[in-house]
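Participant:
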Amino acid sequence: FIFFKMQKFSAMKDPHQIMEKQRKLQLLESDRAAQCEGFQWSIEKNAESIQQLRQQNKRLFKRLSEAIAVRVIDEAFNKRGVEKEAYRNMSGQDALMIQDQKVLSKMKRLNAQKHVTQTKQQQLAELEREYQTVMLCLQMLRAQENRLEKIQFKCKEAENITVNYQRVKRHLQEESLTFQSILDSLEAEILKYREELNKMQIMNNEAQLSKKAVKVTCRVSTFKVGGGRRPPSTYISSVKTGMMMMMVMQPDDMISEALQSEPIVERKEALSTFEDAYRCIKEATGVTNAQEILERFTVQKETHQHLLKLKEDNKKMLQQLREQKELLTKELEDVPRVVEECVEWKQRLQAQQQRHDASKQHLNQMQKSLSTVRAGVEHLAARLHHIELVNRSLVVCHVSCPRSRSRPFAILLDRGGNPRVGRRSCTDTGARTSLALHLLLSPDRYQEAEEGDVLTREELKHQSQLIVESKSKKKPWKNEKF
1 FIFFKMQKFS AMKDPHQIME KQRKLQLLES DRAAQCEGFQ WSIEKNAESI QQLRQQNKRL
61 FKRLSEAIAV RVIDEAFNKR GVEKEAYRNM SGQDALMIQD QKVLSKMKRL NAQKHVTQTK
121 QQQLAELERE YQTVMLCLQM LRAQENRLEK IQFKCKEAEN ITVNYQRVKR HLQEESLTFQ
181 SILDSLEAEI LKYREELNKM QIMNNEAQLS KKAVKVTCRV STFKVGGGRR PPSTYISSVK
241 TGMMMMMVMQ PDDMISEALQ SEPIVERKEA LSTFEDAYRC IKEATGVTNA QEILERFTVQ
301 KETHQHLLKL KEDNKKMLQQ LREQKELLTK ELEDVPRVVE ECVEWKQRLQ AQQQRHDASK
361 QHLNQMQKSL STVRAGVEHL AARLHHIELV NRSLVVCHVS CPRSRSRPFA ILLDRGGNPR
421 VGRRSCTDTG ARTSLALHLL LSPDRYQEAE EGDVLTREEL KHQSQLIVES KSKKKPWKNE
481 KF
C-alpha cells in the first residue's frame with residue numbers, strides 16, 4: 001500500500017518531493033523497528049517480572065500456610081501457654097498426630113477406669129447381697145432369741161406357780177391334821193352367834209314397840225296440854241332432831257343393838273346417859289342448838305366416809321406400787337443378761353459398720369477416680385470443642401497448591417468445632433485480595449505456565465491487569481499479625 005502510494009505520488013509530484021517522502025518513509029520504518037524492539041524488550045521484561053511475581057507468590061503462599069498453621073495452633077491452644085509453646089515449632093500434621101495420640105491414651109485410660117469401676121461395682125453389689133443375707137440371718141436370730149426369752153420367761157413363771165402350789169399343798173396337808181377340831185370349834189361359834197342374833201332381834205322388836213308407845217303417849221300429852229290443838233312445828237322439829245342426834249351418836253350398829261337389847265327397866269339409865277352425853281357435847285362444842293350439833297355430826301360422818309374412801313384408794317395404790325416394784329425387780333434381774341446381749345450385739349454391729357464404712361470408702365474412692373477421669377475427658381473435649389473442620393471443597397486441592405499444607409489444621413478444626421477459626425484460616429484469608437482469590441480458584445494456571453505452555457495476548461493482558469490491581473490495592477494480610 002505504501003509502495004502504491006509512492007508510485008502515485010511520484011506520478012503526481014516532482015522527484016524532490018519523492019525523495020523527501022522516501023526519506024520520511026525510511027524514518028518511519030526505523031521508528032517502527034525501534035518501537036518493535038522496544039515492545040519486544042518490554043515483553044521480555046514483563047515475562048521476567050511475571051516469573052519473579054510467581055516466585056514471590058509461591059514464597060508468600062508458603063509464608064501464608066506457615067502463618068495459618070501458627071494461627072490455627074494459637075487458636076486451638078488458646079489460654080494454654082505451655083501446650084502452645086510446645087506446639088509452636090511443629091507442623092499441623094505433627095500437632096494433629098500428637099493430639100490423636102493423647103486422645104487415644106486418654107481413651108485407653110478411660111476404658112481402663114471404666115473397667116475397674118465396673119469390677120468395683122460388681123464387688124459392691126456382691127457385698128450388698130452378702131450384707132442383705134447377713135441382715136436376714138440377724139433378723140431370724142433376733143426372732144429366735146425373742147422366742148427363746150419368752151419361753152424361758154414362761155418356764156420361770158411355771159416353776160414359780162409349781163412352787164406356790166407345792167407350798168399351798170403342804171400347808172393344806174398340815175392343816176388337814178387339825179381340820180376336824182377347827183371345824184367343830186367354828187360350828188360351836190356359829191351356834192353361839194345365832195343364839196345372840198335371835199336375842200338381839202327380840203330386843204330390837206321390843207325397842208321398836210316401846211318407841212311407838214312413847215310416840216303415842218307424847219302425842220296424847222301434847223293434845224292434852226294444848227287443849228286438843230295440833231302440836232307446834234317447833235316441837236315436832238326438836239323431837240326429830242333429838243331422834244336424829246341419838247341415831248348419829250351411836251358409833252355402830254352393835255352398840256345400838258346392845259342398847260336396844262337391854263330390858264325396858266334399864267331404859268331410864270340409857271336416857272340419862274344420853275342426856276349426859278348431850279350435855280358434854282354442848283359444853284365441848286359451845287353449841288346450844290341441836291340442829292347445829294346434828295349438822296356437825298353429819299359433816300363428821302361424811303368426813304369419816306371420805307377418809308375411809310381415801311384409805312381404800314391408798315391401799316389400792318399401795319398394791320399397784322407393790323406390783324410395779326415386783327415387775328421392776330424382775331426387770332432389774334434381767335438387766336445384766338440384756339446388757340451382755342446388748343454389748344455382744346453392739347460389737348457385731350460395730351464390725352458390720354466397719355465393713356460397711358470400708359466398702360463405702362472404697363466406693364467413694366472409685367467414684368472420685370471416675371469423676372476425675374470424667375472431668376478430664378470433659379475438659380479435653382471442651383478444649384477440642386472449639387476446633388472445627390472447614391469445608392471439604394476448600395481443603396481438597398492440588399498438592400502443589402500451598403493451601404493444601406493447611407489440611408491437617410483443617411482436620412484439627414473439624415474435630416474441635418469453632419467455625420470462626422475455620423472461616424478466618426480458610427475462607428477469609430483466601431478472599432482478602434483479588435489476586436489471591438483468583439490464584440486459589442485457578443491453581444492449575446501456574447502449573448501450566450511452569451510446564452512451558454505459551455500464553456496468549458489476552459491472558460497476558462488479564463494477568464498484567466490483575467498485577468496492577470493487586471499492587472494498587474492495600475494488602476491487609478501483610479499488616480495482620482500472625
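Under the UniProt record's numbering, think of the first position of the sequence shown as 1, with each following residue one higher. A virtual CB, placed ideally from N, CA and C, is assigned to each residue, including glycine.
#1: Spatial neighbours of Q121 within its chain, please: C-beta separation below 6 Å, excluding the five flanking residues on both sides.
#2: Only counting the same chain, and skipping five residues up and downstream in sequence, which positions put a Cβ closer than 7 Å to that of Q180?
#3: Roughly how many angstroms separate the alpha carbons of L363 and R337, rounded to a whole number?
#4: Starting from the Cα of V103, find the closest Cα among A358, E459, G376 and give me that residue.
#5: What are the start and end residues of the alpha helix (DSSP H) that includes F39?
#6: Within 10 angstroms of its Cβ, does S65 collect 16 or more other Cβ (buried), or is it exposed?
#7: Between which two residues does the alpha helix (DSSP H) harbouring M90 extend?
#8: When the Cα atoms are used, what is the spatial distance from residue 483 to V116?
#9: Can you tell me which of the three DSSP states T178 falls into?
#10: Alpha carbon to alpha carbon, what distance is there between N46 and R23?
#11: Between R109, Q51, N204, R71, which lies nearest to L370 when the distance is taken from Cα to Cα?
#12: Is it buried or exposed for R71, if we count other Cβ within 10 angstroms and need 16 for buried?
#13: Report yes if the CB atom of K114 is closer than 8 Å to the CB atom of L380, and no otherwise.
#14: Could you tell me if T433 is buried or exposed, where buried requires 16 or more neighbouring beta carbons within 10 angstroms of its beta carbon?
#15: Unbroken alpha helix (DSSP H) runs of length 4 or more, entirely within the segment 306 to 348: which are they?
#16: Measure the C-alpha to C-alpha separation of N146 and E378 and round it to an integer number of angstroms.
#17: Nearest-angstrom Cα distance between D453 and Q463?
#18: Assign V168 to buried or exposed, taking buried as 16 or more other Cβ atoms, counted over all protein chains shown, within 10 Å of its Cβ.
#19: Give me the Cα-Cα distance between S30 and S49, rounded to the nearest whole angstrom.
#20: Does the Cβ of Q99 have 16 or more other Cβ atoms within 10 Å, making it buried, or fewer, making it exposed?
#21: Tell me whether G38 is buried or exposed, calling it buried when 16 or more other Cβ atoms sit within 10 Å of its Cβ.
#22: Is the beta carbon of I467 sitting closer than 8 Å to the one on L53?
#23: Output the distance between the C-alpha atoms of A382 and T119, rounded to the nearest integer angstrom.
#24: Does the beta-carbon distance from A76 to S91 come in below 8 Å?
#25: From W41 to I73, what distance separates their C-alpha atoms?
#26: Buried or exposed, going by whether 16 or more other CB atoms sit within 10 Å of the CB of A95?
#27: Return the chain-ordered list of same chain residues with a C-beta closer than 7 Å to the C-beta of N160, the five sequence neighbours on each side being excluded.
#28: What separation, rounded to the nearest whole angstrom, lies between the Cα atoms of N78 and Q101?
#29: Measure the alpha-carbon distance for L307 versus K301 and round it to whole angstroms.
#30: From S359 to K330, what distance separates their C-alpha atoms?
Facilitator: For this structure:
#1: As a first step, residue 121 must be located in the sequence shown, where it is residue number 121. Correct list: empty, nothing qualifies.
#2: As a first step, residue 180 is located in the sequence shown; it is residue number 180 there, counting from the start. Hits under 7 Å: none found.
#3: Translated into the one-based positions of the sequence shown, residue 363 becomes position 363. Translated into the one-based positions of the sequence shown, residue 337 becomes position 337. If you take the alpha carbons of L363 and R337, they lie about 38 Å apart.
#4: The sequence position of residue 103 within the sequence shown is 103, counting from 1. The residue with the shortest Cα to Cα distance from V103 is G376.
#5: Your numbering for residue 39 matches position 39 in the sequence shown. From DSSP, the alpha helix (DSSP H) with F39 extends over 15 to 76.
#6: Residue numbering aside, residue 65 sits at position 65 when the sequence shown is read from its first letter. When all chains shown are included, S65 counts as buried.
#7: Taking the first residue of the sequence shown as position 1, residue 90 is located at position 90. Premise fails: M90 is in no alpha helix (DSSP H) and is neither H nor E.
#8: This structure cannot speak to residue 483, because the chain is shown only from 1 to 482.
#9: On the sequence shown, position 178 is the one that residue 178 refers to. Reduced to three states, the DSSP call for T178 is coil.
#10: Locating residue 23 in the sequence shown gives position 23, where the first residue counts as 1. Locating residue 46 in the sequence shown gives position 46, where the first residue counts as 1. So the two alpha carbons sit approximately 34 Å from each other.
#11: As a first step, residue 370 must be located in the sequence shown, where it is residue number 370. That would be R109, whose Cα lies nearest to the Cα of L370.
#12: Start at 1 with the first residue of the sequence shown, and residue 71 comes out as number 71. Classification of R71: buried, given that the 10 Å Cβ count is 16 or more.
#13: Position 114 of the sequence shown holds residue 114. Position 380 of the sequence shown holds residue 380. For K114 and L380, no; Cβs fall outside 8 Å.
#14: Position 433 of the sequence shown holds residue 433. The predicted model places T433 with a pLDDT of 39, which falls under 50 and marks its position as unreliable; any figure quoted below should be read in that light. With 16 or more other Cβ atoms within 10 Å, it is buried.
#15: none
#16: For the purposes of this step, residue 146 is identified with residue 146 of the sequence shown, where counting begins at 1. For the purposes of this step, residue 378 is identified with residue 378 of the sequence shown, where counting begins at 1. N146 and E378: Cα-Cα distance of roughly 56 Å.
#17: Numbered from 1 along the sequence shown, position 453 holds the residue referred to as residue 453. Numbered from 1 along the sequence shown, position 463 holds the residue referred to as residue 463. Unreliable placement is indicated for D453, whose pLDDT of 44 sits below 50; the coordinate value is still reported in the next sentence. The straight-line gap from Cα to Cα measures roughly 15 Å.
#18: In the sequence shown, counting from the first residue as 1, residue 168 sits at position 168. Label assigned to V168: exposed.
#19: Reading the sequence shown from its first residue, position 30 is the one you call residue 30. Reading the sequence shown from its first residue, position 49 is the one you call residue 49. Going from the Cα of S30 to the Cα of S49 covers about 28 Å.
#20: The residue you call residue 99 lines up with position 99 of the sequence shown. Looking at its Cβ environment, which holds 16 or more other Cβ atoms inside 10 Å, Q99 is buried.
#21: Locating residue 38 in the sequence shown gives position 38, where the first residue counts as 1. Exposed is the call here.
#22: Along the sequence shown, read from residue 1 onward, the residue named residue 467 stands at position 467. Along the sequence shown, read from residue 1 onward, the residue named residue 53 stands at position 53. In contact: I467 and L53 (Cβ atoms closer than 8 Å).
#23: For the purposes of this step, residue 382 is identified with residue 382 of the sequence shown, where counting begins at 1. For the purposes of this step, residue 119 is identified with residue 119 of the sequence shown, where counting begins at 1. Using only the alpha carbons, I get a separation of about 29 Å.
#24: Within the sequence shown, residue 76 is the residue found at index 76, counting from 1. Within the sequence shown, residue 91 is the residue found at index 91, counting from 1. No, the pair does not count as a contact, with Cβ atoms beyond the cut-off.
#25: Position 41 of the sequence shown, counted from the first residue, corresponds to residue 41. Position 73 of the sequence shown, counted from the first residue, corresponds to residue 73. Using only the alpha carbons, I get a separation of about 47 Å.
#26: Looking up residue 95 in the sequence shown gives position 95. A95 should be labelled buried.
#27: What you label residue 160 is simply residue 160 of the sequence shown in a count that begins at 1. Around N160: no qualifying Cβ.
#28: Residue numbering aside, residue 78 sits at position 78 when the sequence shown is read from its first letter. Residue numbering aside, residue 101 sits at position 101 when the sequence shown is read from its first letter. Whole-angstrom Cα-Cα distance: 20 Å.
#29: Position 307 of the sequence shown holds residue 307. Position 301 of the sequence shown holds residue 301. Going from the Cα of L307 to the Cα of K301 covers about 10 Å.
#30: Numbered from its first residue, the sequence shown carries residue 359 at position 359. Numbered from its first residue, the sequence shown carries residue 330 at position 330. When rounded, the distance between both Cα atoms is 43 Å.
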